[in-house]
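S.K.: Shown below is the structure under consideration.
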Amino acid sequence: MRGSGFCNSSSANFTLAPKSPFYRCIHGVQKKICYSDKKEVFEKRESAADVIDLLVLFTFQYKSWMSTDRTKKRYREGVAVFLRFKTTSAEYVASRARDPTFDKLMKNYKNYLKVVSVQDLLLADTTNNSSISVHFLSKLSQKLHLNHGASSFLRKYPHIFNIFYNHSKSEPFYKLTDKALQISREEAAAIEASKPIVIERLVRILSMSVSKSLPLRAVFKVWRELGLPDGFEESIISQNPKLFSLSDAPNEPNTHIIKLESINPNFITAVENWREDECNKKDSKVDESQIRFAFKQGYPPGMKLGKVFRGKVKEWQTLSYVGPYDQMGEKGKPKAGVKALEKRAVGIVHEFLSLTVEKMIEVEKISHFRKWFGIDLNIRDLFLDHPGIFYLSTKGKTHTVFLREAFERGCLIEPNPVYIARRKLLDLVIMSRRGLFLTQSDTRNIRAREEVELTEDDDD
(Lines of atoms letter the chains of each structure in order from A and count residues from 1; the text may use other names and numbers.)
(Lines give C-alpha, C1' and ligand atoms only; values in the text may rest on other atoms or scores of the structure.)
Protein backbone atom coordinates (compact mmCIF):
# COMPACT_ATOMS: atom_id res chain seq x y z
CA MET A 1 0.00 0.00 0.00
CA ARG A 2 1.32 3.41 -0.95
CA GLY A 3 0.22 6.93 -0.18
CA SER A 4 -2.57 7.89 2.15
CA GLY A 5 -5.35 6.16 0.26
CA PHE A 6 -6.88 2.79 0.86
CA CYS A 7 -6.05 0.58 -2.11
CA ASN A 8 -7.15 -2.95 -1.29
CA SER A 9 -3.77 -4.62 -1.67
CA SER A 10 -0.65 -5.36 0.32
CA SER A 11 2.89 -6.29 -0.55
CA ALA A 12 4.60 -5.97 2.83
CA ASN A 13 7.55 -8.10 3.83
CA PHE A 14 8.45 -8.86 7.41
CA THR A 15 11.70 -9.90 9.04
CA LEU A 16 11.33 -11.37 12.50
CA ALA A 17 14.10 -12.05 14.96
CA PRO A 18 14.57 -15.71 15.92
CA LYS A 19 12.03 -17.00 18.40
CA SER A 20 9.89 -13.90 18.06
CA PRO A 21 6.42 -14.92 16.89
CA PHE A 22 4.97 -11.56 17.77
CA TYR A 23 3.89 -10.30 14.39
CA ARG A 24 1.32 -11.56 11.99
CA CYS A 25 0.33 -10.11 8.66
CA ILE A 26 -3.27 -10.03 7.51
CA HIS A 27 -3.95 -9.15 3.84
CA GLY A 28 -4.37 -5.40 3.53
CA VAL A 29 -3.77 -4.66 7.23
CA GLN A 30 -0.66 -5.20 9.33
CA LYS A 31 -1.13 -6.07 13.00
CA LYS A 32 1.76 -5.83 15.37
CA ILE A 33 0.97 -7.84 18.49
CA CYS A 34 3.41 -8.28 21.33
CA TYR A 35 2.52 -9.22 24.86
CA SER A 36 4.68 -8.83 27.95
CA ASP A 37 3.86 -9.67 31.51
CA LYS A 38 2.47 -6.16 32.05
CA LYS A 39 0.77 -4.81 28.94
CA GLU A 40 0.35 -4.98 25.19
CA VAL A 41 3.37 -3.19 23.79
CA PHE A 42 2.26 -2.64 20.21
CA GLU A 43 -1.26 -1.65 19.32
CA LYS A 44 -3.01 -2.55 16.11
CA ARG A 45 -2.21 -0.08 13.34
CA GLU A 46 -4.96 1.38 11.16
CA SER A 47 -3.35 0.43 7.88
CA ALA A 48 -0.10 -0.38 6.19
CA ALA A 49 0.20 3.25 5.12
CA ASP A 50 0.94 4.17 8.75
CA VAL A 51 4.15 2.15 8.74
CA ILE A 52 5.32 2.36 5.12
CA ASP A 53 9.06 2.60 4.58
CA LEU A 54 9.83 2.41 8.31
CA LEU A 55 12.24 0.22 10.21
CA VAL A 56 10.97 -0.41 13.69
CA LEU A 57 13.38 -1.91 16.18
CA PHE A 58 11.97 -2.77 19.54
CA THR A 59 13.66 -4.60 22.36
CA PHE A 60 11.58 -5.99 25.14
CA GLN A 61 12.41 -7.96 28.21
CA TYR A 62 10.11 -10.05 30.25
CA LYS A 63 10.40 -12.75 32.80
CA SER A 64 7.74 -15.04 31.56
CA TRP A 65 5.82 -15.46 28.32
CA MET A 66 4.00 -18.57 27.14
CA SER A 67 3.69 -18.99 23.36
CA THR A 68 1.07 -21.75 23.17
CA ASP A 69 -0.62 -24.20 25.46
CA ARG A 70 0.85 -27.04 23.43
CA THR A 71 4.54 -26.21 23.70
CA LYS A 72 4.50 -24.42 27.08
CA LYS A 73 7.79 -22.81 26.07
CA ARG A 74 9.13 -19.80 27.93
CA TYR A 75 11.35 -17.05 26.54
CA ARG A 76 13.44 -14.83 28.79
CA GLU A 77 14.42 -12.09 26.35
CA GLY A 78 13.76 -11.35 22.72
CA VAL A 79 14.26 -8.75 20.03
CA ALA A 80 11.61 -8.18 17.37
CA VAL A 81 12.45 -6.35 14.17
CA PHE A 82 9.78 -5.14 11.74
CA LEU A 83 10.96 -4.26 8.26
CA ARG A 84 8.70 -2.93 5.48
CA PHE A 85 10.47 -3.10 2.14
CA LYS A 86 9.58 -0.23 -0.12
CA THR A 87 7.10 -1.10 -2.86
CA THR A 88 8.23 0.14 -6.26
CA SER A 89 5.87 2.04 -8.53
CA ALA A 90 5.91 -0.80 -11.06
CA GLU A 91 4.92 -3.33 -8.38
CA TYR A 92 2.13 -1.07 -7.15
CA VAL A 93 0.73 -0.64 -10.66
CA ALA A 94 0.99 -4.38 -11.36
CA SER A 95 -0.86 -5.25 -8.14
CA ARG A 96 -3.96 -3.21 -9.02
CA ALA A 97 -7.29 -4.89 -9.73
CA ARG A 98 -7.77 -5.16 -13.51
CA ASP A 99 -10.90 -4.14 -15.40
CA PRO A 100 -11.12 -5.95 -18.77
CA THR A 101 -13.68 -3.49 -20.16
CA PHE A 102 -11.35 -0.50 -19.86
CA ASP A 103 -8.29 -2.50 -20.92
CA LYS A 104 -10.09 -3.66 -24.07
CA LEU A 105 -11.13 -0.09 -24.85
CA MET A 106 -7.56 1.12 -24.35
CA LYS A 107 -6.19 -1.65 -26.60
CA ASN A 108 -8.31 -0.28 -29.45
CA TYR A 109 -7.74 3.33 -28.45
CA LYS A 110 -3.96 3.08 -28.76
CA ASN A 111 -4.44 2.08 -32.43
CA TYR A 112 -6.93 4.92 -32.79
CA LEU A 113 -4.29 7.41 -31.62
CA LYS A 114 -1.89 6.14 -34.29
CA VAL A 115 -4.59 6.55 -36.92
CA VAL A 116 -5.23 10.12 -35.73
CA SER A 117 -1.50 10.93 -36.00
CA VAL A 118 -1.36 9.64 -39.59
CA GLN A 119 -4.65 11.34 -40.42
CA ASP A 120 -3.45 14.69 -39.04
CA LEU A 121 -0.62 14.70 -41.59
CA LEU A 122 -3.25 14.74 -44.31
CA LEU A 123 -5.54 17.25 -42.59
CA ALA A 124 -2.64 19.66 -42.15
CA ASP A 125 -2.86 20.20 -45.91
CA THR A 126 -5.89 22.45 -46.42
CA THR A 127 -6.26 21.57 -50.11
CA ASN A 128 -9.13 19.31 -51.07
CA ASN A 129 -8.43 15.61 -51.48
CA SER A 130 -4.90 15.97 -50.10
CA SER A 131 -2.55 12.99 -50.27
CA ILE A 132 0.92 12.08 -49.00
CA SER A 133 3.61 9.78 -50.30
CA VAL A 134 3.80 6.40 -48.56
CA HIS A 135 7.58 6.74 -48.74
CA PHE A 136 7.37 9.99 -46.76
CA LEU A 137 5.20 8.29 -44.13
CA SER A 138 7.72 5.44 -43.91
CA LYS A 139 10.35 7.95 -42.78
CA LEU A 140 8.07 8.85 -39.86
CA SER A 141 7.19 5.25 -38.93
CA GLN A 142 9.41 5.14 -35.87
CA LYS A 143 8.24 8.51 -34.59
CA LEU A 144 4.58 7.55 -35.10
CA HIS A 145 5.15 4.07 -33.58
CA LEU A 146 4.09 2.21 -36.74
CA ASN A 147 5.80 -1.00 -35.66
CA HIS A 148 5.17 -2.98 -38.87
CA GLY A 149 5.88 -0.17 -41.31
CA ALA A 150 3.77 2.46 -43.06
CA SER A 151 2.37 0.26 -45.85
CA SER A 152 1.26 -2.47 -43.46
CA PHE A 153 -0.39 0.08 -41.18
CA LEU A 154 -2.31 1.76 -44.01
CA ARG A 155 -3.53 -1.58 -45.38
CA LYS A 156 -4.76 -2.57 -41.93
CA TYR A 157 -7.38 0.21 -42.02
CA PRO A 158 -8.88 0.25 -45.53
CA HIS A 159 -12.05 1.94 -44.21
CA ILE A 160 -9.92 4.96 -43.26
CA PHE A 161 -6.99 5.10 -45.71
CA ASN A 162 -6.95 4.61 -49.45
CA ILE A 163 -3.63 3.69 -51.11
CA PHE A 164 -3.28 4.56 -54.79
CA TYR A 165 -0.50 4.88 -57.35
CA ASN A 166 0.44 8.42 -58.33
CA HIS A 167 1.51 8.17 -61.98
CA SER A 168 3.01 11.66 -62.09
CA LYS A 169 5.23 10.90 -59.06
CA SER A 170 5.71 7.23 -59.97
CA GLU A 171 5.15 6.07 -56.39
CA PRO A 172 2.27 5.04 -54.08
CA PHE A 173 0.37 7.71 -52.15
CA TYR A 174 -2.37 7.52 -49.54
CA LYS A 175 -5.39 9.65 -48.72
CA LEU A 176 -8.47 9.49 -46.50
CA THR A 177 -11.50 7.55 -47.65
CA ASP A 178 -14.75 9.45 -48.14
CA LYS A 179 -16.12 7.95 -44.93
CA ALA A 180 -13.10 9.01 -42.85
CA LEU A 181 -13.07 12.46 -44.44
CA GLN A 182 -16.74 12.93 -43.55
CA ILE A 183 -16.04 11.96 -39.92
CA SER A 184 -13.18 14.48 -39.68
CA ARG A 185 -15.51 17.20 -40.97
CA GLU A 186 -18.15 16.24 -38.41
CA GLU A 187 -15.58 16.50 -35.62
CA ALA A 188 -14.37 19.90 -36.83
CA ALA A 189 -17.96 21.16 -37.02
CA ALA A 190 -18.70 19.82 -33.52
CA ILE A 191 -15.63 21.57 -32.09
CA GLU A 192 -16.60 24.84 -33.78
CA ALA A 193 -20.17 24.59 -32.46
CA SER A 194 -18.99 23.85 -28.92
CA LYS A 195 -16.76 26.94 -28.56
CA PRO A 196 -18.85 28.40 -25.69
CA ILE A 197 -18.52 25.10 -23.81
CA VAL A 198 -14.79 24.96 -24.53
CA ILE A 199 -14.31 28.50 -23.21
CA GLU A 200 -16.06 27.52 -19.98
CA ARG A 201 -13.86 24.41 -19.69
CA LEU A 202 -10.74 26.54 -19.95
CA VAL A 203 -12.09 29.00 -17.38
CA ARG A 204 -12.88 26.15 -14.98
CA ILE A 205 -9.41 24.61 -15.31
CA LEU A 206 -7.77 27.99 -14.69
CA SER A 207 -10.09 28.49 -11.71
CA MET A 208 -8.75 25.30 -10.11
CA SER A 209 -5.21 26.65 -10.28
CA VAL A 210 -3.93 28.20 -7.05
CA SER A 211 -2.71 31.29 -8.93
CA LYS A 212 -5.57 31.23 -11.48
CA SER A 213 -2.94 30.80 -14.17
CA LEU A 214 -1.28 27.99 -16.12
CA PRO A 215 1.67 27.63 -18.51
CA LEU A 216 0.48 27.63 -22.10
CA ARG A 217 2.59 24.53 -22.83
CA ALA A 218 0.54 22.55 -20.26
CA VAL A 219 -2.71 23.53 -22.00
CA PHE A 220 -1.16 22.55 -25.34
CA LYS A 221 -0.60 19.07 -23.89
CA VAL A 222 -4.35 18.58 -23.37
CA TRP A 223 -5.85 20.68 -26.18
CA ARG A 224 -7.36 17.63 -27.84
CA GLU A 225 -8.71 16.20 -24.56
CA LEU A 226 -10.44 19.53 -23.83
CA GLY A 227 -11.87 19.79 -27.34
CA LEU A 228 -9.93 22.98 -28.11
CA PRO A 229 -9.71 23.98 -31.80
CA ASP A 230 -6.45 24.24 -33.73
CA GLY A 231 -4.82 27.57 -33.02
CA PHE A 232 -6.90 28.04 -29.86
CA GLU A 233 -4.46 30.70 -28.62
CA GLU A 234 -5.83 32.93 -31.38
CA SER A 235 -9.44 31.76 -31.70
CA ILE A 236 -10.12 31.31 -27.97
CA ILE A 237 -7.59 33.21 -25.84
CA SER A 238 -7.00 36.31 -27.97
CA GLN A 239 -10.68 36.61 -28.87
CA ASN A 240 -11.70 36.77 -25.19
CA PRO A 241 -9.46 39.41 -23.54
CA LYS A 242 -11.95 39.92 -20.69
CA LEU A 243 -11.44 36.28 -19.67
CA PHE A 244 -7.85 35.42 -20.60
CA SER A 245 -4.49 37.12 -20.92
CA LEU A 246 -1.09 35.88 -22.08
CA SER A 247 2.20 36.99 -20.58
CA ASP A 248 5.81 35.85 -20.38
CA ALA A 249 6.83 33.78 -17.38
CA PRO A 250 9.13 35.88 -15.16
CA ASN A 251 11.49 33.05 -14.23
CA GLU A 252 11.24 30.83 -17.32
CA PRO A 253 12.45 32.06 -20.71
CA ASN A 254 10.36 31.21 -23.78
CA THR A 255 7.42 30.27 -21.54
CA HIS A 256 4.00 31.91 -21.79
CA ILE A 257 1.48 32.02 -18.96
CA ILE A 258 -2.26 32.11 -19.54
CA LYS A 259 -4.04 33.94 -16.73
CA LEU A 260 -7.72 34.11 -15.82
CA GLU A 261 -8.91 37.73 -15.74
CA SER A 262 -12.49 37.16 -14.56
CA ILE A 263 -13.23 34.69 -11.76
CA ASN A 264 -16.61 32.96 -11.44
CA PRO A 265 -17.22 32.10 -7.77
CA ASN A 266 -20.38 30.10 -8.50
CA PHE A 267 -19.01 27.07 -10.34
CA ILE A 268 -20.59 23.77 -9.32
CA THR A 269 -18.50 20.62 -9.68
CA ALA A 270 -19.61 17.46 -11.47
CA VAL A 271 -19.63 15.47 -8.23
CA GLU A 272 -21.94 18.05 -6.61
CA ASN A 273 -24.38 17.61 -9.49
CA TRP A 274 -24.26 13.85 -8.90
CA ARG A 275 -25.00 14.30 -5.19
CA GLU A 276 -27.99 16.50 -5.99
CA ASP A 277 -29.31 14.00 -8.53
CA GLU A 278 -29.00 11.17 -5.99
CA CYS A 279 -31.04 13.11 -3.45
CA ASN A 280 -33.70 14.13 -6.00
CA LYS A 281 -34.30 10.65 -7.39
CA LYS A 282 -37.82 9.33 -7.08
CA ASP A 283 -38.26 7.25 -3.91
CA SER A 284 -34.69 8.11 -2.93
CA LYS A 285 -33.76 7.11 0.60
CA VAL A 286 -30.42 8.91 0.45
CA ASP A 287 -30.01 11.65 3.01
CA GLU A 288 -28.14 14.75 1.87
CA SER A 289 -25.95 14.69 4.97
CA GLN A 290 -24.83 11.13 4.12
CA ILE A 291 -23.39 12.02 0.71
CA ARG A 292 -22.45 15.64 1.33
CA PHE A 293 -18.76 14.85 0.76
CA ALA A 294 -19.12 11.49 -1.02
CA PHE A 295 -17.98 10.40 -4.48
CA LYS A 296 -19.65 7.80 -6.66
CA GLN A 297 -17.90 4.45 -6.27
CA GLY A 298 -17.71 1.49 -8.64
CA TYR A 299 -15.11 -1.27 -8.55
CA PRO A 300 -13.52 -3.64 -11.08
CA PRO A 301 -15.32 -6.98 -11.41
CA GLY A 302 -13.88 -9.58 -9.08
CA MET A 303 -12.15 -7.09 -6.80
CA LYS A 304 -12.32 -8.32 -3.21
CA LEU A 305 -13.72 -5.72 -0.84
CA GLY A 306 -12.78 -6.70 2.68
CA LYS A 307 -14.46 -5.46 5.83
CA VAL A 308 -11.55 -3.19 6.73
CA PHE A 309 -11.42 -1.77 3.20
CA ARG A 310 -15.16 -1.02 3.17
CA GLY A 311 -14.83 0.66 6.54
CA LYS A 312 -12.02 2.86 5.25
CA VAL A 313 -14.09 3.87 2.21
CA LYS A 314 -17.10 4.68 4.40
CA GLU A 315 -14.95 6.84 6.67
CA TRP A 316 -13.33 8.59 3.69
CA GLN A 317 -16.71 9.32 2.08
CA THR A 318 -17.79 11.38 5.10
CA LEU A 319 -14.53 13.33 5.34
CA SER A 320 -14.97 17.03 4.60
CA TYR A 321 -12.62 18.75 2.15
CA VAL A 322 -12.06 22.00 0.26
CA GLY A 323 -13.61 21.90 -3.22
CA PRO A 324 -11.63 22.38 -6.46
CA TYR A 325 -12.94 25.92 -7.01
CA ASP A 326 -12.66 27.01 -3.37
CA GLN A 327 -9.71 28.89 -1.94
CA MET A 328 -7.32 26.86 0.17
CA GLY A 329 -6.59 27.98 3.71
CA GLU A 330 -3.58 26.96 5.77
CA LYS A 331 -2.54 23.36 5.40
CA GLY A 332 -3.68 21.27 8.32
CA LYS A 333 -0.96 19.72 10.39
CA PRO A 334 -2.93 16.90 12.02
CA LYS A 335 -3.65 13.62 10.28
CA ALA A 336 -7.20 14.69 9.42
CA GLY A 337 -5.78 17.71 7.59
CA VAL A 338 -3.48 15.54 5.48
CA LYS A 339 -6.39 13.28 4.53
CA ALA A 340 -8.48 16.33 3.62
CA LEU A 341 -5.70 17.59 1.34
CA GLU A 342 -5.60 14.20 -0.35
CA LYS A 343 -9.38 14.27 -0.81
CA ARG A 344 -9.13 17.75 -2.30
CA ALA A 345 -6.61 16.35 -4.80
CA VAL A 346 -9.11 13.61 -5.68
CA GLY A 347 -11.77 16.29 -6.17
CA ILE A 348 -9.51 18.30 -8.48
CA VAL A 349 -8.54 15.42 -10.78
CA HIS A 350 -12.15 14.16 -10.72
CA GLU A 351 -13.34 17.56 -11.93
CA PHE A 352 -10.51 17.77 -14.49
CA LEU A 353 -11.50 14.39 -15.98
CA SER A 354 -15.17 15.39 -16.05
CA LEU A 355 -14.19 18.42 -18.18
CA THR A 356 -12.47 16.32 -20.85
CA VAL A 357 -14.27 15.25 -24.00
CA GLU A 358 -13.76 11.52 -23.48
CA LYS A 359 -13.44 11.43 -19.65
CA MET A 360 -9.94 9.96 -19.91
CA ILE A 361 -6.40 11.30 -20.13
CA GLU A 362 -2.79 10.15 -20.04
CA VAL A 363 -1.31 10.40 -16.56
CA GLU A 364 1.79 12.11 -17.95
CA LYS A 365 -0.33 14.95 -19.36
CA ILE A 366 -2.30 15.68 -16.21
CA SER A 367 0.93 15.58 -14.19
CA HIS A 368 1.92 18.88 -15.82
CA PHE A 369 -0.85 20.55 -13.79
CA ARG A 370 0.04 19.02 -10.42
CA LYS A 371 2.15 21.91 -9.10
CA TRP A 372 -0.25 24.55 -10.40
CA PHE A 373 -3.21 22.84 -8.73
CA GLY A 374 -1.32 22.64 -5.44
CA ILE A 375 -1.23 18.84 -5.40
CA ASP A 376 1.73 17.53 -3.39
CA LEU A 377 0.93 13.86 -4.02
CA ASN A 378 1.99 11.43 -6.71
CA ILE A 379 -0.83 11.62 -9.27
CA ARG A 380 -0.51 8.01 -10.40
CA ASP A 381 -0.59 6.70 -6.83
CA LEU A 382 -3.65 8.87 -6.21
CA PHE A 383 -5.50 7.03 -8.99
CA LEU A 384 -4.38 3.64 -7.68
CA ASP A 385 -5.38 4.50 -4.12
CA HIS A 386 -8.98 5.14 -5.24
CA PRO A 387 -9.99 2.28 -7.58
CA GLY A 388 -13.69 3.00 -7.03
CA ILE A 389 -13.39 6.42 -8.68
CA PHE A 390 -10.60 5.99 -11.25
CA TYR A 391 -9.18 3.20 -13.36
CA LEU A 392 -5.56 3.19 -14.49
CA SER A 393 -4.81 1.28 -17.69
CA THR A 394 -1.29 0.50 -18.90
CA LYS A 395 -2.21 -0.70 -22.38
CA GLY A 396 -0.16 0.78 -25.17
CA LYS A 397 2.85 1.30 -22.89
CA THR A 398 1.26 4.48 -21.53
CA HIS A 399 -0.65 5.04 -18.31
CA THR A 400 -4.15 6.31 -19.02
CA VAL A 401 -6.73 7.12 -16.35
CA PHE A 402 -10.50 6.78 -16.82
CA LEU A 403 -13.29 8.38 -14.81
CA ARG A 404 -15.25 5.26 -13.87
CA GLU A 405 -18.68 6.78 -13.33
CA ALA A 406 -18.73 8.29 -16.84
CA PHE A 407 -18.62 4.89 -18.60
CA GLU A 408 -20.92 1.95 -19.11
CA ARG A 409 -19.71 -1.05 -21.13
CA GLY A 410 -16.82 0.94 -22.58
CA CYS A 411 -18.90 3.89 -23.83
CA LEU A 412 -19.73 7.29 -22.36
CA ILE A 413 -23.08 7.38 -20.60
CA GLU A 414 -23.61 11.01 -21.66
CA PRO A 415 -21.85 11.44 -25.03
CA ASN A 416 -21.14 14.87 -26.49
CA PRO A 417 -21.00 15.76 -30.22
CA VAL A 418 -17.18 15.76 -30.36
CA TYR A 419 -17.03 12.37 -28.65
CA ILE A 420 -19.65 10.96 -31.04
CA ALA A 421 -17.56 11.97 -34.07
CA ARG A 422 -14.39 10.51 -32.56
CA ARG A 423 -16.22 7.33 -31.62
CA LYS A 424 -17.21 6.86 -35.26
CA LEU A 425 -13.54 6.89 -36.22
CA LEU A 426 -12.75 4.50 -33.37
CA ASP A 427 -15.42 2.13 -34.71
CA LEU A 428 -13.66 2.14 -38.09
CA VAL A 429 -10.39 1.35 -36.33
CA ILE A 430 -12.03 -1.57 -34.51
CA MET A 431 -13.55 -2.76 -37.79
CA SER A 432 -10.08 -2.91 -39.35
CA ARG A 433 -10.44 -5.06 -42.52
CA ARG A 434 -13.81 -6.48 -41.63
CA GLY A 435 -16.56 -5.89 -44.13
CA LEU A 436 -14.25 -6.24 -47.14
CA PHE A 437 -14.10 -9.03 -49.70
CA LEU A 438 -11.00 -11.02 -48.74
CA THR A 439 -9.34 -14.05 -50.22
CA GLN A 440 -8.43 -17.02 -48.04
CA SER A 441 -4.77 -15.97 -48.18
CA ASP A 442 -5.64 -12.43 -47.03
CA THR A 443 -7.62 -13.85 -44.10
CA ARG A 444 -4.68 -16.00 -42.96
CA ASN A 445 -2.33 -13.01 -43.15
CA ILE A 446 -4.70 -10.84 -41.11
CA ARG A 447 -5.08 -13.50 -38.42
CA ALA A 448 -1.31 -13.93 -38.20
CA ARG A 449 -0.83 -10.18 -37.86
CA GLU A 450 -3.53 -9.97 -35.15
CA GLU A 451 -1.80 -12.75 -33.20
CA VAL A 452 1.46 -10.77 -33.30
CA GLU A 453 -0.35 -7.65 -32.06
CA LEU A 454 -2.01 -9.59 -29.23
CA THR A 455 1.42 -10.81 -28.15
CA GLU A 456 2.66 -7.21 -28.12
CA ASP A 457 -0.35 -6.20 -26.01
CA ASP A 458 0.50 -8.85 -23.43
CA ASP A 459 3.99 -7.36 -23.14
CA ASP A 460 2.63 -3.88 -22.33
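Take the sequence shown: its letters are residues 17 to 476, numbered as in my numbering.
Glycine included, every Cβ here is placed at the ideal spot set by N, Cα and C.
All of these numbers come straight from a predicted model, not from anything done at the bench.
#1: Give the DSSP-derived three-state secondary structure of N296 in the structure shown.
#2: Since I believe L192 is in contact with L232 (beta carbons under 8 Å), could you give me their beta-carbon distance rounded to a whole number of angstroms?
#3: Considering only residues of the same chain and omitting the five flanking positions on each side of R291, which have a CB-CB separation below 8 Å?
#4: Helix, strand or coil for I264 per DSSP?
#5: Leaving out five residues on either side along the sequence, give the residues of the same chain with a beta carbon under 7 Å from the beta carbon of I382.
#6: Answer with buried or exposed for L408, where buried requires no fewer than 16 other C-beta atoms within 10 angstroms of its C-beta.
#7: Expressed to the nearest angstrom, what Euclidean distance is found between the alpha-carbon atoms of S184 and L160?
#8: Report the option in Y435, I207, Y315 and A422 whose CA atom is closest to the CA atom of D401.
#9: Can you tell me whether DSSP reads T285 as helix, strand or coil?
#10: Do the stretch 353-363 and the stretch 335-342 meet, that is, are 3 or more Cβ pairs less than 8 Å apart?
#11: Between which two residues does the alpha helix (DSSP H) holding L441 run?
#12: At the level of alpha carbons, what is the spacing between Y341 and A286?
#13: What runs of the alpha helix (DSSP H), each 4 residues or longer, lie entirely inside the stretch 191-239?
#14: Measure the alpha-carbon distance for I179 versus L444 and round it to whole angstroms.
#15: In this structure, what does DSSP give as the bridge partners for H272?
#16: Starting from S409, trace the beta strand (DSSP E) both ways and give me its first and last residue.
#17: Which term fits E241, buried or exposed, when burial requires 16 or more other beta carbons within 10 angstroms of its beta carbon?
#18: If you reduce the DSSP assignment to three classes, tell me which class S149 lands in.
#19: If you compare alpha carbons, which of L428, S149, G404 and V238 is closest to F325?
#20: Strictly by DSSP, which residues pair up with V417?
#21: Where does K128 fall in DSSP's three states?
#22: How big is the Cα-Cα spacing for A265 and F236?
M.R.: From the atom records:
#1: In the sequence shown, counting from the first residue as 1, residue 296 sits at position 280. DSSP places N296 in helix when its eight states are reduced to three.
#2: As a working mapping, residue 232 is identified with position 216 in the sequence shown. As a working mapping, residue 192 is identified with position 176 in the sequence shown. For a cut-off of 8 Å, the C-beta gap from L232 to L192 is around 30 Å, too long to register as a contact.
#3: As a first step, residue 291 is located in the sequence shown; it is residue number 275 there, counting from the start. Result list for R291: E304, I307, R308 and A310, in chain order.
#4: Within the sequence shown, numbered from 1, the residue matching residue 264 stands at position 248. According to the sequence displayed, residue 264 carries Asp and not Ile. In the three-state reduction of the DSSP assignment, D264 falls in the strand class, which pools E and B.
#5: Taking the sequence shown and counting its residues from 1, the one referred to as residue 382 is at position 366. Cβ neighbours of I382 beyond the five flanking positions: V365, F368 and I395.
#6: For this step, residue 408 is matched to residue 392 along the sequence shown. Here L408 is buried. Its C-beta has 16 or more other C-beta atoms within 10 Å.
#7: Against the sequence shown, residue 184 aligns to sequence position 168. Against the sequence shown, residue 160 aligns to sequence position 144. Cα-Cα distance, rounded: 27 Å.
#8: Here residue 401 refers to the residue found at position 385 of the sequence shown. Of Y435, I207, Y315 and A422, the residue nearest in Cα terms is Y315.
#9: Numbered from 1 along the sequence shown, position 269 holds the residue referred to as residue 285. In the structure shown, the three-state DSSP call for T285 is coil.
#10: Yes, the stretch 353-363 touches the stretch 335-342.
#11: Counted from its first residue, the sequence shown places residue 441 at position 425. Annotation: the continuous alpha helix (DSSP H) that includes L441 extends over P433 to M447.
#12: Numbered from its first residue, the sequence shown carries residue 341 at position 325. Numbered from its first residue, the sequence shown carries residue 286 at position 270. Within the model, the alpha-carbon separation for Y341 versus A286 is close to 12 Å.
#13: Here the runs fully enclosed are 194-209, 211-224 and 232-237.
#14: Translated into positions along the sequence shown, residue 179 becomes position 163. Translated into positions along the sequence shown, residue 444 becomes position 428. Taking the straight line from one Cα to the other gives about 17 Å.
#15: Stepping through the sequence shown from its first residue, residue 272 is reached at position 256. DSSP lists D264 as partners of H272.
#16: Locating residue 409 in the sequence shown gives position 393, where the first residue counts as 1. Its beta strand (DSSP E) spans residues F406 to S409.
#17: Start at 1 with the first residue of the sequence shown, and residue 241 comes out as number 225. Its Cβ being crowded by 16 or more others within 10 Å, E241 is buried.
#18: For the purposes of this step, residue 149 is taken as residue 133 along the sequence shown, with counting starting at 1. Three-state DSSP puts S149 in a strand.
#19: One-based indexing of the sequence shown puts residue 325 at position 309. Measuring from the Cα of F325, the nearest candidate turns out to be G404.
#20: Walking along the sequence shown from the start, residue 417 turns up at place 401. DSSP links V417 through a beta bridge to I377 and L408.
#21: The sequence position of residue 128 within the sequence shown is 112, counting from 1. It is Tyr, not Lys, that sits at residue 128 in the sequence shown. Three-state result, Y128: helix.
#22: Locating residue 265 in the sequence shown gives position 249, where the first residue counts as 1. Locating residue 236 in the sequence shown gives position 220, where the first residue counts as 1. In this structure, the straight-line span from the alpha carbon of A265 to that of F236 is close to 16 Å.
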